[in-house]
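In the UniProt record's numbering, the protein residues as written are 1 to 117. Even glycine gets a Cβ: it sits at the ideal position worked out from N, Cα and C. Computed from a predicted structure; not experimentally measured.
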């Protein structure tokens, strides 16, 4: 789990967040995943695109998907141990099979890119 507390300018708590993450640092390429690379646009390509749009008076829109890595379809079978605080007392050694990517997985960026493409 990753915990985050958002504070206002007076250091009062606005909200608390918790995010479940996988231990991707324990994954080994070729065993736990095949590909992790996700293409990224080079900055000079972005600048050319913006300059071209500006010269032609074209409006550019952008978007942000806040749960990006949670929407990627996994090609591999990925299993994770039960998260701390949510262990089934009747089956403490059981693991979960992920249906979608999870923050922290090495293949999460690639899975999202493949889903989007």
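| Query | Result |
| --- | --- |
| Going by alpha carbons, who is nearest to residue 113 out of 40, 12 and 18? | 40 |
| Considering Cα atoms alone, identify which of 44, 94, 89 and 103 is closest to residue 19. | 103 |
| Mind reading off the beta-carbon distance from residue 80 to residue 96? Whole number of angstroms is fine, and I expect it under 8 Å. | 5 Å |
| Alpha carbon to alpha carbon, how far is residue 55 from residue 109? | 33 Å |
| What residues in its chain sit with their C-beta under 8 Å from that of residue 92, if we drop five residues either side in the sequence? | 82 |
| Tell me the rounded alpha-carbon separation between residue 94 and residue 5. | 31 Å |
| In the segment 43–77, which residue ranges form an unbroken alpha helix (DSSP H) of at least 4 residues, counting only runs that do not cross its ends? | 43–55 |
| Where does residue 15 land, buried or exposed, given buried means 16+ other C-beta within 10 angstroms? | exposed |
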